[in-house]
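K.L.:
My questions all concern the structure below.
Protein chains: 2
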Amino acid sequence: MSSVTIRDVAKKAGVGVGTVSRVLNDRNAVSEATRQKVLAAIDALEYTPNLAARRLSRGKMMAIGVIVPYFTNPSVVRRLQGVVSVVTGSGYDLVLFDIEKVEQRADFVRNIPRRQLVDGLLIVSLNPTDEDVEELLQANLPTVLVDANHPELSRVRVDNVFGGYQATRHLLDLGHRRIGYISDFLNDPFNSPVRDRLQGYQQALTEAGIAFCSDYHQQGVHSRQQARLMALDMLQLPDPPTAVFAYSDTQAVGVLEAARELGRRVPQDLSIIGFDNIEAAEYLHLTTVQQGLYDSGAKGCQLLLTEMLDPPASATEILLPTRIVMRQTTAVYDNTTRQV
Amino acid sequence: MSSVTIRDVAKKAGVGVGTVSRVLNDRNAVSEATRQKVLAAIDALEYTPNLAARRLSRGKMMAIGVIVPYFTNPSVVRRLQGVVSVVTGSGYDLVLFDIEKVEQRADFVRNIPRRQLVDGLLIVSLNPTDEDVEELLQANLPTVLVDANHPELSRVRVDNVFGGYQATRHLLDLGHRRIGYISDFLNDPFNSPVRDRLQGYQQALTEAGIAFCSDYHQQGVHSRQQARLMALDMLQLPDPPTAVFAYSDTQAVGVLEAARELGRRVPQDLSIIGFDNIEAAEYLHLTTVQQGLYDSGAKGCQLLLTEMLDPPASATEILLPTRIVMRQTTAVYDNTTRQV
DNA sequence: CTGAAAGCGCTAACAA
DNA sequence: TTGTTAGCGCTTTCAG
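So the protein sequences, as listed, match chains F and R. Residue numbers for the first sequence follow our numbering, so the first one is 1 and each next one is one higher. Residue numbers for the second sequence follow our numbering, so the first one is 1001 and each next one is one higher.
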């Protein structure tokens, strides 16, 4: 049991506890002589300050909280990696909260500030409600959103509307006219990128003079398996799309599987574009819309650290760019070589 | 600022702080009448106990620490997911420590117990040294190893020797005689699975009367890219292997890429087996040795929670099984159809 | 520059 | 049953 306290050190060094505390935090001047005595005592006793006490006394927890939904989602994991990279070495500890169920969501956002167990909060891929924000603001807890949006909170986002536009536009530029969109559920109030990308998709279509066809949009639980099922349906429509834009790379893989099952060659018979550029996309040669997953986490965490030191007058927004990464799952629409 | 304290509640309810504390922790009997008064006051004031104070006073941090190396490694992430699943809802917070550099390693293991910021510790995929264990034991910090080994610490492991044996044996059973092993660095003292699987590999070879050929074993940084490079070399040997056992699925993907670049068909010209059964393995149709990644994390965390409540007399070991998952990257060795 | 002492908010032992 | 009080280990005035 490492129960050597500041008092033991003080006694051993023959000084007061205040002095020990001073050398510990090296504020205020301490004479070099006593400083050495204290240091020696600390060394001899192998003393380490008790964090809980320090926290209580300082009113700072020296920890930042990170709320992530569905920790199994690769893009969330990647963002978290970015967060971890900057937390490590910042002197703060990282307390992780995973939200798997909607009920948990409300609990967390409501309780975390109250429990005063973190000095700052990062909310990843989860849009807080107005009430949540209200609580956060009242608790005066510095908060930064990553891949989420709210006008009153600082945030690091990607322009999902534009990303959706880019993806669709890429397909359009290749000559496709019948373009499907396979997505996560649209009605999830906490996940706006789904709607944003749809908006970009529709915008590109409109711009190209193509009417939105609801058969070409399917939504379902975010998973490869479910995406596969949706694609299976869509590709067996009487007049199936010649290209599919998937909300995420994970879902794009499901579409890829469906295409293979149906004997559709990719990209000759079917073009597929994903979103995220997760690691798997590279070795699957998936064309996709890249967004700075890791970066969003790292930048968000940096922003939080900054704002914890120096509370900003108003919320900052950092917008990260998206860009098409061309690989081998999209190709020019060419009716002459198609087998479907 | 939520600075309403237990004293405010006591005053408002017209009772002593002790009583409030009692209803908070509902130990000791409190009359229903006063209990209601206190509850009402708590409600009215929107009071939540201050965690730091509670921790200090109780001497418990209500948090468990998890040390993971290379948080970017998919198998580590998967184990962590298992951990998260059981921590969430246990009432404990999860404090995450990522170790990217070897120097950090010593620091963490040494400082975490001293800092007294967690009540229990999970060490994932990292073998502690004897000194580390000594410190942990002295600090009296309940610790469980996941995918790591030390006789004095409780642990959840997989039998890597047997796993390596199984993989090699599978290839042998298919008729292969020249079998490569592409692995992480062998000399990393903190990562024993590499050596264990090699041992299983050699054991299977010996059993089949095949001499170990050092050309058929290459080691390098654990990454897809590096594995690709090593495979490129190995496959261009004058007498190249007809099958490759990769230390991990991540590395197996690199081998897959190398094979493709060299025009070797998989599995007709080259059989490849990985290890881990990460998610990507499934959609790449990679034959692999499955181990309970998620399970190891979940079980390890359960074990820790148990041992925190009830310190065991001696260390427990839970051994998780491995099994071959047959997919499409391994096939019978058949010289007649080979193109190489 | 340094020691003493007063909290930080809570729990738990001790009286009542 | 309940109120009072003494810590938990540290930081931070406030004198000196």
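Here a beta-carbon is modelled for each residue, glycine too, at the ideal position from N, C-alpha and C.
In angstroms, rounded to a whole number, what distance separates the CA positions of D196/F and K60/F?
P.N.:
Counting from 1 along the first sequence, the entry for residue 196/F is found at position 196. Counting from 1 along the first sequence, the entry for residue 60/F is found at position 60. Looking at the two C-alpha atoms, the distance is approximately 38 angstroms.
K.L.:
Using C-beta distances below 6 angstroms, list every residue in its chain close to D349/F, excluding the 5 sequence neighbours before and after it, in chain order.
P.N.:
Because chain F is modelled from 1 through 340, residue 349/F falls outside the range shown and cannot be assessed.
K.L.:
Would you decide whether L1107/R is buried or exposed? Buried here means 16 or more other CB atoms lie within 10 Å of its CB.
P.N.:
Numbered from 1 along the second sequence, position 107 holds the residue referred to as residue 1107/R. Here residue 1107/R is Asp; the residue named in the question, Leu, does not match the sequence. D1107/R is exposed by the Cβ-count criterion.
K.L.:
Since F97/F is in the alpha helix (DSSP H), which residue starts that stretch and which ends it?
P.N.:
Taking the first residue of the first sequence as 1, we reach residue 97/F at position 97. Per DSSP, F97/F belongs to no alpha helix (DSSP H); it is in the beta strand (DSSP E), 93 to 99.
K.L.:
Would DSSP call Q1328/R helix, strand or coil?
P.N.:
Residue 1328/R sits at position 328 when you count from the first residue of the second sequence. It is coil, neither helix nor strand.
K.L.:
Can you give, in chain order, each stretch of the alpha helix (DSSP H) that sits fully within the segment 125 to 186 of chain F and has at least 4 residues?
P.N.:
Within the segment 125 to 186 of chain F, the complete alpha helix (DSSP H) runs of at least 4 residues are 130 to 139, 160 to 173.
K.L.:
Buried or exposed for M1230/R, please, with buried defined as at least 16 other CB atoms from any protein chain shown within 10 angstroms of its CB.
P.N.:
Position 230 of the second sequence, counted from the first residue, corresponds to residue 1230/R. Buried.
K.L.:
Distance check for I324/F and D276/F, CA to CA, integer angstroms please.
P.N.:
On the first sequence, residue 276/F is found 276 positions in, with the first residue counted as 1. On the first sequence, residue 324/F is found 324 positions in, with the first residue counted as 1. Spanning the two alpha carbons is a distance of roughly 10 angstroms.
K.L.:
Does the Cβ-Cβ distance between R157/F and E307/F come in under 8 angstroms?
P.N.:
Residue numbering aside, residue 157/F sits at position 157 when the first sequence is read from its first letter. Residue numbering aside, residue 307/F sits at position 307 when the first sequence is read from its first letter. At least 8 angstroms separates the beta-carbon of R157/F from that of E307/F.
K.L.:
For G200/F, which beta-bridge partners are listed by DSSP?
P.N.:
Locating residue 200/F in the first sequence gives position 200, where the first residue counts as 1. According to DSSP, which records beta bridges pairwise, G200/F is partnered with nothing at all.
K.L.:
Can you tell me which of E1100/R, D1093/R, P1321/R puts its alpha carbon nearest to the alpha carbon of A1068/R?
P.N.:
Along the second sequence, one-based indexing puts residue 1068/R at 68. What sits at residue 1068/R in the sequence shown is Val, not Ala. That would be E1100/R, whose Cα lies nearest to the Cα of V1068/R.
K.L.:
Please return the same chain residues whose Cβ sits closer than 7 angstroms to the Cβ of R1177/R, not counting the five positions on each side in sequence.
P.N.:
For the purposes of this step, residue 1177/R is identified with residue 177 of the second sequence, where counting begins at 1. Hits under 7 angstroms: I1210.
K.L.:
Helix, strand or coil, according to DSSP, for I364/F in the structure here?
P.N.:
The question about residue 364/F has no answer here: the residues shown for chain F are numbered 1 through 340.
K.L.:
When DSSP builds the beta bridges, which residues end up paired with A1246/R?
P.N.:
Within the second sequence, residue 1246/R is the residue found at index 246, counting from 1. Paired residue(s): I1182/R.
K.L.:
Residues of chain F with a CB under 8 angstroms from the CB of R1224/R: which are they?
P.N.:
By 1-based counting over the second sequence, the position of residue 1224/R is 224. Per Cβ cutoff of 8 angstroms: Y283.
K.L.:
Could you tell me whether the Cβ of L1117/R comes closer than 8 angstroms to any Cβ of chain F?
P.N.:
Translated into positions along the second sequence, residue 1117/R becomes position 117. Yes, its Cβ sits closer than 8 angstroms to a Cβ of chain F.
K.L.:
So, does the CB of Q81/F fall closer than 8 angstroms to a CB anywhere in chain R?
P.N.:
Numbered from its first residue, the first sequence carries residue 81/F at position 81. Yes, Q81/F counts as interfacial toward chain R.
K.L.:
Starting from the Cα of V1084/R, find the closest Cα among S57/F, V77/F, M62/F, V255/F and give me that residue.
P.N.:
For the purposes of this step, residue 1084/R is taken as the residue at position 84 of the second sequence. Of the candidates S57/F, V77/F, M62/F, V255/F, the residue whose Cα lies closest to the Cα of V1084/R is V77/F.
K.L.:
Looking at the ligand HEM, does it come within less than 7 angstroms of L1198/R, judged from the CB to the closest heavy atom?
P.N.:
This structure simply doesn't include the ligand HEM, nor any ligand for that matter.
K.L.:
Would you be able to state if there are at least three C-beta pairs under 8 angstroms between the segment 324 to 333 of chain F and the segment 258 to 274 of chain F?
P.N.:
yes
K.L.:
Quick one: complete alpha helix (DSSP H) runs, 4+ long, within the segment 4 to 73 of chain F?
P.N.:
The alpha helix (DSSP H) runs of length 4 or more contained entirely in the segment 4 to 73 of chain F are, from start to end of the chain, 6 to 13, 17 to 24, 32 to 45, 51 to 58.
K.L.:
Between T19/F, Q203/F, D233/F, L174/F, which lies nearest to Y216/F when the distance is taken from Cα to Cα?
P.N.:
Taking the first sequence and counting its residues from 1, the one referred to as residue 216/F is at position 216. Per the Cα distances, D233/F.
K.L.:
Would you list the one or two residues that DSSP bridges to F275/F?
P.N.:
Start at 1 with the first residue of the first sequence, and residue 275/F comes out as number 275. Beta-bridge pairing links F275/F to V289/F.
K.L.:
Less than 8 angstroms between the C-beta atoms of Q1138/R and I1182/R, yes or no?
P.N.:
Counted from its first residue, the second sequence places residue 1138/R at position 138. Counted from its first residue, the second sequence places residue 1182/R at position 182. Result no, Cβ atoms of Q1138/R and I1182/R do not sit closer than 8 angstroms.
K.L.:
Using C-beta distances below 6 angstroms, list every residue in its chain close to N160/F, excluding the 5 sequence neighbours before and after it, in chain order.
P.N.:
Residue numbering aside, residue 160/F sits at position 160 when the first sequence is read from its first letter. P193, D196, R197, listed in sequence order.
K.L.:
Under the three-state reduction of DSSP, which class applies to R1323/R: helix, strand or coil?
P.N.:
Mapped onto the second sequence, residue 1323/R falls at position 323. Reduced to three states, the DSSP call for R1323/R is strand.
K.L.:
For D1098/R, which residues in chain F fall below 9 angstroms Cβ to Cβ?
P.N.:
Taking the second sequence and counting its residues from 1, one reaches residue 1098/R at position 98. In chain order: Q81, V84, S85, V87, T88, L94.
K.L.:
Smallest Cα separation from T1019/R: which of T1005/R, G1200/R, T1034/R?
P.N.:
Start at 1 with the first residue of the second sequence, and residue 1019/R comes out as number 19. Of T1005/R, G1200/R, T1034/R, the residue nearest in Cα terms is T1034/R.
K.L.:
So V1109/R and P1128/R are in contact, right, with Cβ under 8 angstroms, and what is the actual spacing, rounded?
P.N.:
Indexing the second sequence from 1 puts residue 1109/R at position 109. Indexing the second sequence from 1 puts residue 1128/R at position 128. At roughly 6 angstroms, the Cβ-Cβ gap stays under 8 angstroms, so V1109/R and P1128/R are in contact.
K.L.:
With a threshold of 8 angstroms between beta-carbons, can V1221/R be considered close to chain F, or not?
P.N.:
To locate residue 1221/R, count along the second sequence from 1; it is residue 221. Not one chain F Cβ lies under 8 angstroms of V1221/R.
K.L.:
Under a Cβ-count criterion, where at least 16 other Cβ atoms within 10 Å of its own Cβ denotes burial, should L1237/R be classed as buried or exposed?
P.N.:
As a first step, residue 1237/R must be located in the second sequence, where it is residue number 237. That one is exposed.
K.L.:
According to DSSP, is G120/F helix, strand or coil?
P.N.:
On the first sequence, position 120 is the one that residue 120/F refers to. Strand at G120/F.
K.L.:
Tell me the DSSP secondary structure of Q219/F in three-state form.
P.N.:
Reading the first sequence from its first residue, position 219 is the one you call residue 219/F. Three-state result, Q219/F: strand.
K.L.:
With a threshold of 8 angstroms between beta carbons, is L1056/R in contact with chain F?
P.N.:
One-based indexing of the second sequence puts residue 1056/R at position 56. Answer yes: the Cβ-Cβ gap between L1056/R and chain F drops below 8 angstroms somewhere.
K.L.:
Tell me, please, whether the CB atom of E207/F is closer than 8 angstroms to any CB atom in chain R?
P.N.:
Taking the first sequence and counting its residues from 1, the one referred to as residue 207/F is at position 207. For E207/F, the answer is no, since every Cβ of chain R falls outside 8 angstroms of its Cβ.
K.L.:
Could you tell me whether the segment 1278 to 1289 of chain R touches the segment 1050 to 1064 of chain R, using the rule of 3 or more Cβ pairs below 8 angstroms?
P.N.:
Contact between the segment 1278 to 1289 of chain R and the segment 1050 to 1064 of chain R is absent, with fewer than three C-beta pairs closer than 8 angstroms.
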